[in-house]
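Beneath this line is the structure, given in structure tokens, with notes to follow.
Residue numbers (the working numbering): 2 to 261.
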């Protein structure tokens with residue numbers, strides 16, 4: 002399939018959590034807009050399926066919670082012989098949704114949530130920005146936050162909402178520290194998005210009944226439907242492009258009016 006657009010020609014986008022859902026949709030969308038895409042995930046088998054469909058997408062295993070592996074992957078994709086393939090956009094998409102209240106959430110749940118959802122973004126951003134500063138790259142970081150954060154409380158999302166509020170704060174901090182270096186950082190705050198991981202949570206919310214769970218998730222969306230991964234991926238393309246060259250430190254809601 003030939004690229005359908007030219008909005009990201011000259012960009013090299015590294016995406017975490019790219020094996021399925023929003024990450025996969027974003028890898029495809031960025032690739033179709035002319036970007037060189039580096040798709041990373043723990044699930045290499047699903048990444049291979051993506052690469053089979055799009056052979057020009059690079060794929061790699063990445064545990065976003067392992068600092069040594071993060072350093073290794075960032076180093077690998079900032080020292081490529083073809084400099085145009087070195088990272089110029091980072092999309093921190095990998096994440097984990099814990100179901101629980103402040104009472105039912107254990108310290109293990111809390112720590113795991115912050116490690117996967119916040120520490121990972123800290124690590125990826127730290128080592129990517131270090132490369133950008135040394136190489137004078139004016140890069141863009143896009144962090145996956147959520148409306149369930151400092152924007153809105155959501156039932157049974159104690160640890161998750163806290164981590165996503167932290168992501169918003171982290172994004173603003175990065176934006177403030179590096180705006181004068183030409184490095185941007187923004188975050189995307191979706192409502193409920195129809196993805197494979199959400200479908201697993203249908204069963205939990207529905208008490209074992211997946212269809213009941215879907216209905217409950219859909220009820221809270223005032224438009225009467227869930228978002229698609231492609232709709233979020235369109236925002237990723239926008240924030241990776243030069244169309245947003247004057248935007249940094251901003252949260253973009255894609256929530257179907259949930260927060261109204």
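Ideal placement from N, C-alpha and C gives every residue a C-beta, glycine not left out. As the structure is a computational prediction, the values presented were derived from the model and not from experiment.
Item: Extent of the continuous beta strand (DSSP E) to which residue 14 belongs; Value: 13–16
Item: Short Cβ contact (8 angstroms threshold) for residue 1 with residue 94; Value: This structure cannot settle anything about residue 1, because the visible part of the chain is limited to 2 through 261.
Item: Residue 6 (DSSP reduced to helix, strand or coil); Value: coil
Item: Residue 137 burial status per 10 Å Cβ neighbour count (16 or more: buried); Value: exposed
Item: Proximity winner among 233, 15 and 182, relative to residue 256 (alpha-carbon distances); Value: 233
Item: Where residue 224 falls, given that 16 or more other Cβ within 10 Å makes a residue buried; Value: exposed
Item: Bridge partner(s) assigned by DSSP for residue 31; Value: Answer by DSSP bridge pairing: none, since residue 31 is not bridged.
Item: Three-state class that DSSP yields for residue 76 in the structure shown; Value: helix
Item: Residues that residue 62 bridges to, as DSSP identifies them; Value: 42
Item: Environment of residue 218 [buried if 16+ CB atoms lie within 10 Å]; Value: buried
Item: Host alpha helix (DSSP H) of residue 238 (start-end); Value: 230–241
Item: Cβ separation of residue 14 and residue 38, assumed to be a contact under 8 angstroms, to the nearest whole Å; Value: 5 angstroms
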